[in-house]
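Working notes for the structure below.
Number of protein chains: 2
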Amino acid sequence: MSLEFNIEKKLEGTRARAGVIKTRNGEIKTPSFVVVGTKATVKALSPEEVKELGGQVVLANTYHLYLEPGHELVKKAGGLHKFMKWDGPTMTDSGGFQAFSLGAAYGKGISKLLKKPARTTVQSGGDDQPEDTGKQDSPALAKITEDGVSFKSHLDGSEHFFTPEKSIQIQQAIGADIIFSFDECTSPLASHEYQKEALERTHRWTKRSLEEHQKGNTGQALFGIVQGGRFDDLRTQSAEFMAKLPFDGFGIGGSFEKEDIDKAVGLVNDILPEDKPRHLLGIGEPEDLFNGIEQGIDTFDCVAPTRVARNGQLYSRDGKFNILNAKYKDDFSPIDSECGCFTCKNYTRAYLAHLFRAKELYGLRLASIHNLYFIVNLVHSIRDSILDGTFKEYKKEFLTRYDK
Amino acid sequence: MSLEFNIEKKLEGTRARAGVIKTRNGEIKTPSFVVVGTKATVKALSPEEVKELGGQVVLANTYHLYLEPGHELVKKAGGLHKFMKWDGPTMTDSGGFQAFSLGAAYGKGISKLLKKPARTTVQSGGDDQPEDTGKQDSPALAKITEDGVSFKSHLDGSEHFFTPEKSIQIQQAIGADIIFSFDECTSPLASHEYQKEALERTHRWTKRSLEEHQKGNTGQALFGIVQGGRFDDLRTQSAEFMAKLPFDGFGIGGSFEKEDIDKAVGLVNDILPEDKPRHLLGIGEPEDLFNGIEQGIDTFDCVAPTRVARNGQLYSRDGKFNILNAKYKDDFSPIDSECGCFTCKNYTRAYLAHLFRAKELYGLRLASIHNLYFIVNLVHSIRDSILDGTFKEYKKEFLTRYDK
């Protein structure tokens, strides 16, 4: 068995469903937020803490682990689970996104992320410095060929070449339970013409990924990634293409804005087979989670909760706030009085404010625990609301208060 | 009761003893290594981790907490224990050392620490950047008067004035179980003439500390600090002075080299009352711990275990090594195969090497846990060897292997 997916309940009048994904390393109750552990570590946290805060599954980044410490070393260590001591389900992305963004391959002088609206979602980045947008305006060094993509390491400038086969081989060496097919991640600003060309190449790469996977598969599940940018016809074409292939599940890639999630995700999910899980790559803000789930998404991953935590941005039922704001210096209440996380049960905003001002490492941990708990458990609650049929009310109630 | 000290066993032919210090917040089995939590946090660690690794008592730094977040805020938070969620015994130092070293008060152009021998011990610093030696060569800004010492904050250059009374008041606000009298921390290179002058001032400050403490004491124990630099006559004079005052225990301050620990500490401890605990400030290397205990020391504090951990320096039974050394990249053994710490039970050197290369926060935590476990439990083992009379053999066996 590579993967089993059972839908427990579909919510009438929406595409939302609650289910369970069974992997060889345990279950994922869906919808679920996947915790990002870029370099085989969830930044600042122990696996025990990730489990305690409700994390069910960890996603590591193929690009990062390939460069450091190297996938062969991870394999020698006994694979990702053993190396990082996470015994639950794991995923790796295909490495495509980072090769195009962090690696200096994406050289068209345009950003992969829409920078305009502040709330544009963070793509399936990998939770690491430099920020994903860091190198996107660097001079053209890209070589995208039919065979694959060449890129320079963001660490030392060394040259590398990823093909679909190579991506799968690396992911096999790393050994996660769920892996992704290799895709070209296009800019949301790219023209229809370029998107179409890239999409067709991605489809050819997808087939090669699948073939490579089938050759050497030792029990990993493979997800195919639907692309197509912001064009309905391309999204449709891509979903139809993927739906016919024997994947264990699907990823939906590319950049989104709020409207896209409602529209493109629903469009794609109406085409994808209903009985397979769907992962929305790089999405993690509360409103997007509600909308994604409503449109039939089962799992999400996003670096936002931990990344913003390290900048002092904390989630609360009343919205996000920055702990460095002077007013929290002598605020002896928890971050969120309704939160049940380790941080909120033990520490005050004043203590967090002190740790952040003093640049203390423990502050980064406590903030990360809180933010991840908040988002992971928000998705758990959404799951519960699907099961008991109160999704619509819960969504309205939560977002009204959160966005007020 | 501010403090009780019971000696369980004295080791014949040495000054070593094993005992128990009872504070209002629990017991400290001695000899014991005190974990440094400079700014009301043991860098990178949770209180639960400190407890799990065997830590019994945490020492925070008065100077640091006075500047950030401010002692009044700590008081408002319910005191140090509540603020940082450490429910065991706590100590604060007097703030004198940092006012003289980190603060720009020590302006004689000479270093407080002997820099020559690499193994010179790290003084009771406070585990914080900038390193303690950082500002000691800065231009003279000192104003040591009979009343106290003025200094500039290393954080923002603001001016401050510490008197013995102020030091005690700050320590009362912070609320640790054991506090220290205010002293002038002299350079080990200072002349006999200056050391004598400073010592006599320290003695006057000591009396004022004691008086201030007695005025407003709410159950804290006060330790007087013996100074006197590297001069036997001054050490004797200081110990005799302190011995007569009604302190709950004693600190031995100043810089030491290996020989000093054998000589000066023994000299001082023969004069101090035997039935009160003695704390050696800022000492933490294995050999110094053995020697200090042999000369009658009950407790030690030192930033070294956590500070060097953050640079990748790890303790092992076979000596210290740096995890960044290339040979550990694919070493799948634990840091120390005989170590029972969380890090060694769960992770390989290869994983640690990866985390340090990738500058991952979790690496700092794992290294700190290991080093503190190593040192804390070394002192526990020394205690056991006093109780069962095998101290001499244990010392020889341990140091032979460690220094080989």
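Order-wise, the sequence lines are chains A and B.
Residue numbering for the first sequence follows the working numbering, starting at 1 and increasing by one per position.
Residue numbering for the second sequence follows the working numbering, starting at 1001 and increasing by one per position.
The beta carbon of each residue, even a glycine, is placed where N, CA and C say it ideally should be.
Assignment of beta strand (DSSP E) within the segment 1244 to 1308 of chain B, counting only whole runs of 3 or more residues, yields 1249 to 1252, 1278 to 1281 and 1299 to 1301 in chain order. Residue nearest to S94 of chain A within the set A:Y328, A:K152 and A:F162 is A:F162 (criterion: CA-CA distance). In this model, D1384 of chain B and R1317 of chain B are separated by some 17 Å (Cα to Cα).
Only those residues of the segment 1049 to 1076 of chain B whose C-beta falls short of 7 Å from the nearest C-beta of chain A are listed: E1068, P1069, L1073 and K1076.
Within chain A, the C-beta atoms nearer than 9 Å to that of D1330 of chain B come from P69, L73, K76 and A77, in chain order.
Shown here for V308 of chain A: same chain residues with a beta carbon closer than 7 Å to its own, the five before and five after excluded, namely N371 in chain order. Apart from sequence neighbours up to five positions away, the residues of its chain that approach L1065 of chain B with a beta-carbon distance below 7 Å are K1039, A1040, H1071, V1074 and I1174, ordered along the chain. For C185 of chain A, the closest C-alpha among the options A:K82, A:Q171 and A:E200 is that of A:E200. Residue nearest to S1158 of chain B within the set B:D1183, B:A1099, B:L1210 and B:A1190 is B:A1099 (criterion: CA-CA distance).
Proximity of the segment 43 to 52 of chain A to the segment 1008 to 1019 of chain B falls short of the contact definition, fewer than three beta-carbon pairs being nearer than 8 Å.
Neighbours of T41 of chain A in chain B, taken as residues whose beta carbon is under 9 Å from its own, are Y1351, H1354, L1355, A1358, E1360, L1361, Y1362 and G1363 in chain order. Per DSSP, E8 of chain A is one residue of the beta strand (DSSP E) stretching across E4 to K10. With a threshold of 16 other beta carbon atoms within 10 Å, G1148 of chain B meets it and is buried. Between A304 of chain A and L272 of chain A, the C-beta spacing is not below 8 Å. Judged by DSSP secondary structure, F83 of chain A falls within the alpha helix (DSSP H) whose first and last residues are L80 to M84. Within chain A, the residues placing a beta-carbon under 7 Å from that of A1044 of chain B are L361 and Y362, ordered along the chain. Taken through DSSP and simplified to helix, strand or coil, R1017 of chain B comes out as strand. Two segments are said to touch when three or more pairs of C-beta atoms, one from each, lie closer than 8 Å; by this definition the segment 1207 to 1216 of chain B does not touch the segment 1226 to 1235 of chain B. In this structure, S2 of chain A sits near G219 of chain A, with a CB-CB distance shorter than 8 Å. Shown here, Q1220 of chain B sits in coil according to DSSP, grouped into three states, outside any helix or strand. Shown here, A1060 of chain B sits in a strand according to DSSP, grouped into three states. Residues of chain B whose Cβ lies closer than 8 Å to the Cβ of N25 of chain A do not exist, since the nearest Cβ in that chain is about 17 Å away. Across the set A:F180, A:Q171, A:G55 and A:T206, the C-alpha of A:G55 shows the shortest separation from the C-alpha of S368 of chain A. Inclusion of L59 of chain A and V34 of chain A in the CB contact set at 8 Å is warranted, their separation being smaller than that value.
One alpha carbon belongs to Q227 of chain A, the other to L267 of chain A, and they sit about 12 Å apart. With a 10 Å radius around the Cβ and a threshold of 16 neighbouring Cβ atoms, T202 of chain A comes out buried. Residues of the segment 1080 to 1101 of chain B with a C-beta atom less than 8 Å from some C-beta of chain A are F1083, M1084 and K1085, listed in chain order. Under the rule that a run must span 3 or more residues, no beta strand (DSSP E) segment is found entirely inside the segment 1333 to 1396 of chain B. Contact between G1251 of chain B and L1289 of chain B does not hold, since the beta-carbon distance rounds to 16 Å and is not under 8 Å. In the three-state scheme derived from DSSP, where H, G and I count as helix and E and B as strand, G1026 of chain B is classed as strand. Remark: C-beta atoms of A1353 of chain B and Y1328 of chain B approach each other more closely than 8 Å. Taking C-beta atoms as the reference points, S1209 of chain B and F1182 of chain B count as a pair closer than 8 Å. In this structure, F5 of chain A sits away from P334 of chain A, with a CB-CB distance that is not shorter than 8 Å. The alpha-carbon of L67 of chain A is positioned some 30 Å away from that of D298 of chain A. Taking L1011 of chain B as the centre and dropping the five residues before and after it, the same chain places the C-beta of I1386 and F1391 closer than 6 Å to its C-beta, in chain order. Using a Cβ-Cβ cut-off of 8 Å, Y394 of chain A does not count as an interface residue toward chain B, since no Cβ of chain B sits closer than that to its own.
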